[in-house]
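Protein sequences, first through last, are from chains H and B. Residue 27 in numbering that gives the first Met the number 0 sits at position 28 of the first sequence, with consecutive numbering throughout. Residue 177 in numbering that gives the first Met the number 0 sits at position 178 of the second sequence, with consecutive numbering throughout. Where is the CB? At the ideal position from N, CA and C, for every residue including glycine. What you are looking at is a predicted structure, and each value in this text was computed from that prediction instead of being measured.
Protein chains: 2
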Amino acid sequence: MVNQSVTAPQGFMAVGLASGLKVSGKSDLGLLVCPTGAIAAAVFTTNKITSAAVQVSREHIKSRRTYAVVVNSGNANACTGKQGLADARRMCALTAKHLSVEPQEVLVASTGIIGHHLPMEKVTAGIDQAAALLSGSPEAGLAFAHAVMTTDTRCKQAYREVKLARAIVRIAGTVKGAGMIGPNMATTLLFITTDVAISKSLLGKALKEAIGGSLNRLTVDGHQSTNDTAILLASRMAGNTEITGLSASYRKFLAALTDLCTDLVRQMALDAEGATRMFQVVVKGAGTKTDATKAARAVADYSLFKCAVHGGDPNWGRIICAVGSSGVKLKPEKLSCKLDDLYVFHNGAPTDFDAKDASRIISQREFVITVDLGVGRESDFYYGCDLSAEYVHINADYHT
Amino acid sequence: MVNQSVTAPQGFMAVGLASGLKVSGKSDLGLLVCPTGAIAAAVFTTNKITSAAVQVSREHIKSRRTYAVVVNSGNANACTGKQGLADARRMCALTAKHLSVEPQEVLVASTGIIGHHLPMEKVTAGIDQAAALLSGSPEAGLAFAHAVMTTDTRCKQAYREVKLARAIVRIAGTVKGAGMIGPNMATTLLFITTDVAISKSLLGKALKEAIGGSLNRLTVDGHQSTNDTAILLASRMAGNTEITGLSASYRKFLAALTDLCTDLVRQMALDAEGATRMFQVVVKGAGTKTDATKAARAVADYSLFKCAVHGGDPNWGRIICAVGSSGVKLKPEKLSCKLDDLYVFHNGAPTDFDAKDASRIISQREFVITVDLGVGRESDFYYGCDLSAEYVHINADYHT
Numbered sequence: 000m001v002n003q004s005v006t007a008p009q010g011f012m013a014v015g016l017a018s019g020l021k022v023s024g025k026s027d028l029g030l031l032v033c034p035t036g037a038i039a040a041a042v043f044t045t046n047k048i049t050s051a052a053v054q055v056s057r058e059h060i061k062s063r064r065t066y067a068v069v070v071n072s073g074n075a076n077a078c079t080g081k082q083g084l085a086d087a088r089r090m091c092a093l094t095a096k097h098l099s100v101e102p103q104e105v106l107v108a109s110t111g112i113i114g115h116h117l118p119m120e121k122v123t124a125g126i127d128q129a130a131a132l133l134s135g136s137p138e139a140g141l142a143f144a145h146a147v148m149t150t151d152t153r154c155k156q157a158y159r160e161v162k163l164a165r166a167i168v169r170i171a172g173t174v175k176g177a178g179m180i181g182p183n184m185a186t187t188l189l190f191i192t193t194d195v196a197i198s199k200s201l202l203g204k205a206l207k208e209a210i211g212g213s214l215n216r217l218t219v220d221g222h223q224s225t226n227d228t229a230i231l232l233a234s235r236m237a238g239n240t241e242i243t244g245l246s247a248s249y250r251k252f253l254a255a256l257t258d259l260c261t262d263l264v265r266q267m268a269l270d271a272e273g274a275t276r277m278f279q280v281v282v283k284g285a286g287t288k289t290d291a292t293k294a295a296r297a298v299a300d301y302s303l304f305k306c307a308v309h310g311g312d313p314n315w316g317r318i319i320c321a322v323g324s325s326g327v328k329l330k331p332e333k334l335s336c337k338l339d340d341l342y343v344f345h346n347g348a349p350t351d352f353d354a355k356d357a358s359r360i361i362s363q364r365e366f367v368i369t370v371d372l373g374v375g376r377e378s379d380f381y382y383g384c385d386l387s388a389e390y391v392h393i394n395a396d397y398h399t
Numbered sequence: 000m001v002n003q004s005v006t007a008p009q010g011f012m013a014v015g016l017a018s019g020l021k022v023s024g025k026s027d028l029g030l031l032v033c034p035t036g037a038i039a040a041a042v043f044t045t046n047k048i049t050s051a052a053v054q055v056s057r058e059h060i061k062s063r064r065t066y067a068v069v070v071n072s073g074n075a076n077a078c079t080g081k082q083g084l085a086d087a088r089r090m091c092a093l094t095a096k097h098l099s100v101e102p103q104e105v106l107v108a109s110t111g112i113i114g115h116h117l118p119m120e121k122v123t124a125g126i127d128q129a130a131a132l133l134s135g136s137p138e139a140g141l142a143f144a145h146a147v148m149t150t151d152t153r154c155k156q157a158y159r160e161v162k163l164a165r166a167i168v169r170i171a172g173t174v175k176g177a178g179m180i181g182p183n184m185a186t187t188l189l190f191i192t193t194d195v196a197i198s199k200s201l202l203g204k205a206l207k208e209a210i211g212g213s214l215n216r217l218t219v220d221g222h223q224s225t226n227d228t229a230i231l232l233a234s235r236m237a238g239n240t241e242i243t244g245l246s247a248s249y250r251k252f253l254a255a256l257t258d259l260c261t262d263l264v265r266q267m268a269l270d271a272e273g274a275t276r277m278f279q280v281v282v283k284g285a286g287t288k289t290d291a292t293k294a295a296r297a298v299a300d301y302s303l304f305k306c307a308v309h310g311g312d313p314n315w316g317r318i319i320c321a322v323g324s325s326g327v328k329l330k331p332e333k334l335s336c337k338l339d340d341l342y343v344f345h346n347g348a349p350t351d352f353d354a355k356d357a358s359r360i361i362s363q364r365e366f367v368i369t370v371d372l373g374v375g376r377e378s379d380f381y382y383g384c385d386l387s388a389e390y391v392h393i394n395a396d397y398h399t
């Protein structure tokens, strides 16, 4: 088996295990380690209430080297006050001690229920145990991916290779996220490893750009969590000439990184809580890019339309309603809407489309909606998924 | 039986019947008539795509007198181009002909599926039949209320009396609305009759103010429809001294009107598609009124929290998450949250509340959430309801 996990790029070890944080007994604690010291980049939630892990990692990302990321699922350690902050710092310190590095050279991420203190005896015992089990095997990478999951039904991994001159650069990522996925955020929890040699500032730029065109374009329920974190670690062991400027090598690396993130976005959308299908909303003919983004998001976020998609029902009126409600500039007499290549609404009037064709399109696992506002030349897109009764069941019963 | 329908105030007649627009054969066409000519006020959707009825009524509301409102359910006559506009005008013209008045002295409202042309032979036959059945009886008022319903499971009516000097002023209203209820709109379809004597400009001001503090503070799925319309007709037959200024009489009338609208809001929230309970989100300690409104709406609109409410689950972390995600100014170390009178989060840390108490509160048919942002002295509120699997079922199968 070819390794497609976070241990695939050169220089990484990982582990995942059950420390007892989850009542289900499932895996809930992971370590991702670069023994030689990686350079790191991160993007965090823009929610004004942030988890203790986000607050600590925001400080630690400033370090020149990052040796490890310690992650727990089953408890968000958010809204937990000063004790929560002390707990997050202790997770870093304990991990650092095992690796003989400084606490600020370790990043931390948490996901799960908000407002409960971490049971630290379980967490510390878990970290001690994990440190002894670190491995560079594909299985260890997969175990790390499993430790990050909450309501995800499938483990999400992606892997890309890119050739820079004679060097093969590897990029691997795993993402956790199924609900509470809103735009303008990193994602939920995303961990990417690569062995590319690159400067820290360009690594940060590449992460931001890749996420901007992929994970920040997905909305499941329109909200950012308190814990959203995306971390990219580069071991710099691929043997490529270090990327220090916006060169052809940078662009090739960025393209591969964006492609990997888009792959993970599709996996997330199709595994969103209760989701059975996903769609892309493309808005064109907008007067401004902001309007295009706003209109696309309004459709992707609109629960009435998401329900119709779930029912395989081409209720395109709800698309037009969402666009009109979004407040963007549009010309009613020029407004048009397509489902894949089928016009259902053209220049402000319904077309004579065959309802069967429309139903077939909207019943696919993936389809594209195109809306033309008839105003200008700007465009943008959003990914969304259907809203099912299963989403409600999952989220009505999550806590207790 | 005391008449509590739109025919209760002096000078109104109504009717409702099945014209065949609904496949179910349920009532779908109504007339509300003031034979002596009422003064009228209206508030319409702020959606940029408006139904043909909204476009026509926006013109006709400028008339000095309004003799009738013709309403159909089962078809929104929205996104129907020029033909839709001609159809809406024809509904007014035909109603006007029966009453020997001008077409612009008739208002029109439609609700139902978007993007389908009205079957005009059914509509015209329905109007002919309705005109012959007009009556001032309570039954006729109730029949009108039924003709306006779509996915509503209960007919919503409210009635108030207010004494202005020696005159008894009557106000009655009926509202249709269960999904697609967003703020910053009139409502879905709201019809209020009153016999108060008042100037047209003050009637308009009163309607706007009453809706601003009631119907505009309810969100079910965050969207305004293409058809939202609120109409207030005043026959001026109550015998009160005409209200022409912001007098004590105006304030008494406004208070009664707002109270009636709030009553209808509660009925709407509890009959929202699939809803089993409603809540009020009060945000205080905000730096600005806009921030208070925004934060309250963010909680009321948040599908993850709405699911938790459905499950009777006091997952208050989702309240904090929504507030933090809304972008308003807050002090994390001062942030507090109460369910009814129970603090679950106080000054940035979770309290030692009893989970059973919290569950009991959130399992009530109605409860109040109070969030203190810890910044300033401004406050505002929003009403919301739970999100159930039933909502998805209703909206996944509406079209076909």
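Pair within 8 Å by beta-carbon distance, residue i and residue j
i, j, result
"residue 251 of chain H", "residue 161 of chain H", "yes"
"residue 278 of chain B", "residue 367 of chain B", "yes"
"residue 274 of chain H", "residue 194 of chain H", "no"
"residue 380 of chain B", "residue 255 of chain B", "no"
"residue 208 of chain B", "residue 288 of chain B", "no"
"residue 69 of chain B", "residue 100 of chain B", "no"
"residue 172 of chain B", "residue 157 of chain B", "yes"
"residue 245 of chain H", "residue 191 of chain H", "no"
"residue 342 of chain B", "residue 317 of chain B", "no"
"residue 336 of chain H", "residue 319 of chain H", "yes"
"residue 147 of chain H", "residue 72 of chain H", "yes"
Minimum Cβ-Cβ distance from residue i to chain H less than 8 Å
i, result
"residue 386 of chain B", "yes"
"residue 252 of chain B", "no"
"residue 312 of chain B", "yes"
"residue 391 of chain B", "yes"
"residue 40 of chain B", "no"
"residue 394 of chain B", "yes"
"residue 319 of chain B", "yes"
"residue 224 of chain B", "yes"
"residue 176 of chain B", "no"
"residue 56 of chain B", "no"
Pick from the options that is closest to residue i, judged by C-alpha positions
i, options, result
"residue 79 of chain H", "H:247, H:347 and H:51", "H:51"
"residue 362 of chain B", "B:343, B:313 and B:201", "B:313"
"residue 347 of chain B", "B:395, B:356 and B:330", "B:330"
"residue 32 of chain H", "H:40, H:215, H:67 and H:165", "H:67"
"residue 374 of chain B", "B:291, B:55, B:128 and B:140", "B:291"
"residue 34 of chain B", "B:105, B:83 and B:271", "B:105"
"residue 117 of chain H", "H:365, H:155 and H:87", "H:87"
Three-state secondary structure assigned by DSSP to residue i
i, result
"residue 137 of chain B", "helix"
"residue 228 of chain B", "strand"
"residue 185 of chain H", "Note that residue 185 of chain H scores 36 on pLDDT, short of 50, meaning its location in the model is unreliable and no value can be drawn from it."
"residue 349 of chain H", "strand"
"residue 56 of chain H", "helix"
"residue 311 of chain B", "coil"
"residue 393 of chain H", "helix"
"residue 82 of chain H", "helix"
"residue 279 of chain H", "strand"
Chain B within 8 Å of residue i, Cβ atoms only
i, result
"residue 329 of chain H", "yes"
"residue 381 of chain H", "no"
"residue 307 of chain H", "yes"
"residue 15 of chain H", "no"
"residue 373 of chain H", "no"
"residue 248 of chain H", "no"
Taking Cβ-Cβ distances below 9 Å as the criterion, which residues of the segment 343-362 of chain H are in contact with chain B? 343, 344, 346, 347, 348, 349, 354 and 358
Anything in the segment 23-54 of chain B with a Cβ closer than 9 Å to a Cβ of chain H? List those residues in chain order, please. 44, 45, 46, 47, 48 and 49
So if I threshold CB-CB distances at 8 Å, which residues from the segment 67-78 of chain B count as touching chain H? 75, 77 and 78
Below 9 Å between beta carbons is the criterion; list the residues of the segment 107-140 of chain B that meet it against any residue of chain H, in chain order. 112, 113, 114, 115 and 116
Check distances from the C-beta atoms of the segment 284-304 of chain B to those of chain H and list, in chain order, the residues that come in under 7 Å. 301, 302 and 303
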